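**Student:** For the sequence shown, UniProt numbering begins at 1 and goes up steadily by one. One structure follows; several queries about it will come next.
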Amino acid sequence: MEHNQLFDAIIIGGSYSGMSAALSLGRSLRKTLIIDDGKPCNRSTPHSHNFLTRDGATPGYIAEVAREQLGAYPTVSWLNQRAMHAKRDHDMFVVETGDNKIWHSKRLILAAGIKDLLPGTPGFVDSWGISVIHCPYCHGYEFREKRTGIWADAERTLHLAPLVRNLTADVCVFTDGKTVFDGEQRNKLRQLGIRILEQEIGSLEHENGRLKHIVLKDGQSVPLDTLYAAIPFEHHTAIHRELGCVETAQGYIQVDAFQKTTVPGVFACGDNSSGMRSVANAVLTGSVTGAMVNKELADEGLFAAMP
Ligand SMILES: Cc1cc2nc3c(=O)[nH]c(=O)nc-3n(C[C@H](O)[C@H](O)[C@H](O)COP(=O)(O)OP(=O)(O)OC[C@H]3O[C@@H](n4cnc5c(N)ncnc54)[C@H](O)[C@@H]3O)c2cc1C
Numbered sequence: 001m002e003h004n005q006l007f008d009a010i011i012i013g014g015s016y017s018g019m020s021a022a023l024s025l026g027r028s029l030r031k032t033l034i035i036d037d038g039k040p041c042n043r044s045t046p047h048s049h050n051f052l053t054r055d056g057a058t059p060g061y062i063a064e065v066a067r068e069q070l071g072a073y074p075t076v077s078w079l080n081q082r083a084m085h086a087k088r089d090h091d092m093f094v095v096e097t098g099d100n101k102i103w104h105s106k107r108l109i110l111a112a113g114i115k116d117l118l119p120g121t122p123g124f125v126d127s128w129g130i131s132v133i134h135c136p137y138c139h140g141y142e143f144r145e146k147r148t149g150i151w152a153d154a155e156r157t158l159h160l161a162p163l164v165r166n167l168t169a170d171v172c173v174f175t176d177g178k179t180v181f182d183g184e185q186r187n188k189l190r191q192l193g194i195r196i197l198e199q200e201i202g203s204l205e206h207e208n209g210r211l212k213h214i215v216l217k218d219g220q221s222v223p224l225d226t227l228y229a230a231i232p233f234e235h236h237t238a239i240h241r242e243l244g245c246v247e248t249a250q251g252y253i254q255v256d257a258f259q260k261t262t263v264p265g266v267f268a269c270g271d272n273s274s275g276m277r278s279v280a281n282a283v284l285t286g287s288v289t290g291a292m293v294n295k296e297l298a299d300e301g302l303f304a305a306m307p
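Rendered as structure tokens:
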């Protein structure tokens with residue numbers, strides 16, 4: 001079914017980045033449609049940290065307050081649906097949702113986040129976001145001075161190691177059966193007092209997501225309170241590719257300082273376009289996006305009105 005209404009902006013993804021973009025747009029009287037299917041990436045974590053005024057709140061509470069505040073802006077509409085496809089049709093974007101409906105807008109904002117590809121190692125999924133974590137700023141303080149592991153490739157391990165070592169003296173690194181470090185990298189880790197365990201990982205033993213041990217395939221059991229895991233990701237949707245948006249070498253949607261993708265009229269914000277993965281960054285980039293979309297539309301209106 002085709003909807004006649006032309007929105008100023010459609011936002012695909014209604015979590016922190018999408019709602020932040022919508023706030024700037026709603027406050028600018030822009031007709032905005034948020035399309036969201038309700039699966040933010042941090043939903044398994046009991047408490048979210050390091051976002052000013054909401055430190056330690058549940059992820060759901062932060063989203064709930066945001067949604068409530070957005071409700072004050074009558075030009076912002078919400079659709080609980082999955083966006084399936086999007087394309088440009090002359091001056092408009094056409095978005096198709098899972099209920100086979102079609103929506104039109106002048107600008108398109110991609111705020112769909114990323115999907116973590118969790119490994120099948122027993123115990124990993126149950127502990128993800130609870131004691132298996134991705135970032136020292138989000139959860140490191142809660143595990144300060146605890147027995148800590150890092151499971152990542154060499155580059156990410158070397159990035160994380162000094163940050164984690166600053167929080168606790170008890171750190172070991174897992175390579176899961178691979179030889180990932182060269183001599184210089186090994187020396188750096190040794191200088192930090194970090195052990196390297198190169199055996200394959202068998203399972204993560206836990207109680208309700210709280211890590212107890214990592215059991216290696218050679219039978220060794222390593223007592224651990226937390227594990228930093230750097231895992232691969234994919235995009236929730238291929239819509240940015242359908243539109244022709246370029247990706248960075250790391251797989252993020254490429255944006256400029258104004259959150260513009262390489263396709264005119266298409267913006268991206270939040271995790272899908274930045275490796276700095278945090279609620280604060282999602283809110284920041286969303287806010288910039290909303291302002292930039294409004295600026296483009298305002299300039300367009302101004303020039304159109306000129307004789
Ligand atoms: C386990 C875990 C714990 C974390 N803890 C913290 C923390 O303590 N502090 C912190 O600052 N950060 C934390 N983060 C990072 C933070 O959660 C993210 O940076 C933030 O959620 C990114 O916001 P976003 O809006 O870009 O994406 P998300 O929050 O992931 O939201 C994307 C939204 O888009 C929707 N969507 C996707 N595809 C479609 C589609 N095709 N159609 C419609 N809707 C779609 C999804 O359903 C979802 O609602 C954590 C992340 C993880 C994974």
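We put the CB at the ideal spot given by N, CA and C, even for glycine. Just so we're clear, the structure is a prediction, and the values are computed from it rather than from any experiment.
(1) Straight-line CA distance for GLN81 to THR175?
(2) Does DSSP classify HIS236 as helix, strand or coil?
(3) Is VAL266 near ligand 1, judged by its Cβ being under 7 Å from some heavy atom?
(4) Check whether the Cβ of SER278 sits closer than 7 Å to any heavy atom of ligand 2, and report yes or no.
(5) Are at least three pairs of beta-carbons, each pair with one atom in the segment 164 to 181 and one in the segment 190 to 204, less than 8 Å apart?
(6) Could you check whether ILE239 and SER105 sit closer than 8 Å to each other, using their CB atoms as the reference points?
(7) Classify GLY98 as helix, strand or coil using the three-state DSSP reduction.
(8) At the level of alpha carbons, what is the spacing between SER17 and ILE201?
(9) Rank ILE34, HIS85, LEU284 by C-alpha distance to the C-alpha of VAL76 and give the top, closest one.
(10) Out of curiosity, what's the CA-to-CA distance linking LEU23 and LEU118?
(11) Assign ALA249 to buried or exposed, taking buried as 16 or more other Cβ atoms, counted over all protein chains shown, within 10 Å of its Cβ.
(12) Under the criterion of a Cβ to heavy atom distance below 7 Å, does ARG156 qualify as lining ligand 1?
(13) Taking all protein chains shown into account, decide if GLU64 is buried (16 or more other Cβ within 10 angstroms of its Cβ) or exposed.
(14) Using the three-state DSSP reduction, which class does PHE51 fall into: helix, strand or coil?
(15) Going by DSSP in three states, PHE124 sits in which element: helix, strand or coil?
(16) Applying the 10 Å Cβ sphere with the 16-neighbour rule, what's the burial state of MET19?
(17) How many whole angstroms separate the CB atoms of GLY177 and GLU198, which I take to be in contact at a CB cut-off of 8 Å?
(18) Could you work out which residue in GLY98, LYS101, THR32, LEU110 is closest to ASP271 when comparing CA atoms only?
(19) What are the residues that DSSP puts in a beta bridge with PRO119?
**Tutor:** For this structure:
(1) By one-based count along the sequence shown, residue 81 stands at place 81. By one-based count along the sequence shown, residue 175 stands at place 175. Straight-line Cα distance between these residues: approximately 40 Å.
(2) Residue numbering aside, residue 236 sits at position 236 when the sequence shown is read from its first letter. It is coil, neither helix nor strand.
(3) Along the sequence shown, read from residue 1 onward, the residue named residue 266 stands at position 266. Checking every heavy atom of ligand 1 against the Cβ of VAL266, none is found closer than 7 Å.
(4) Looking at this structure, you won't find ligand 2 anywhere; what it does contain is ligand 1.
(5) yes
(6) On the sequence shown, residue 105 is found 105 positions in, with the first residue counted as 1. On the sequence shown, residue 239 is found 239 positions in, with the first residue counted as 1. No. Outside cutoff.
(7) Position 98 of the sequence shown holds residue 98. GLY98 falls in the coil class under three-state DSSP.
(8) Mapped onto the sequence shown, residue 17 falls at position 17. Mapped onto the sequence shown, residue 201 falls at position 201. Each residue's Cα considered, the two are about 35 Å apart.
(9) Mapped onto the sequence shown, residue 76 falls at position 76. Nearest C-alpha to VAL76: ILE34.
(10) Within the sequence shown, the letter at position 23 stands for residue 23. Within the sequence shown, the letter at position 118 stands for residue 118. LEU23 and LEU118: Cα-Cα distance of roughly 32 Å.
(11) Indexing the sequence shown from 1 puts residue 249 at position 249. Exposed, since its Cβ has fewer than 16 Cβ neighbours within 10 Å.
(12) By 1-based counting over the sequence shown, the position of residue 156 is 156. ARG156 Cβ: outside cutoff for every heavy atom of ligand 1.
(13) The residue you call residue 64 lines up with position 64 of the sequence shown. Classification of GLU64: exposed, given that the 10 Å Cβ count is below 16.
(14) Start at 1 with the first residue of the sequence shown, and residue 51 comes out as number 51. Looking at PHE51 - three-state DSSP - the assignment turns out to be coil, as it is neither helix nor strand.
(15) Working through the sequence shown from its first residue, we reach residue 124 at position 124. The answer is helix: DSSP assigns PHE124 an H, G or I state.
(16) Against the sequence shown, residue 19 aligns to sequence position 19. Counting Cβ neighbours within 10 Å, MET19 comes out buried, since at least 16 surround it.
(17) Numbered from 1 along the sequence shown, position 177 holds the residue referred to as residue 177. Numbered from 1 along the sequence shown, position 198 holds the residue referred to as residue 198. Indeed they touch by this definition, with Cβ atoms about 7 Å apart.
(18) Taking the sequence shown and counting its residues from 1, one reaches residue 271 at position 271. For the residues GLY98, LYS101, THR32, LEU110, the minimum Cα distance to ASP271 belongs to LEU110.
(19) Reading the sequence shown from its first residue, position 119 is the one you call residue 119. Looking at the DSSP assignment, PRO119 forms no beta bridge with any residue, so it has no partner.
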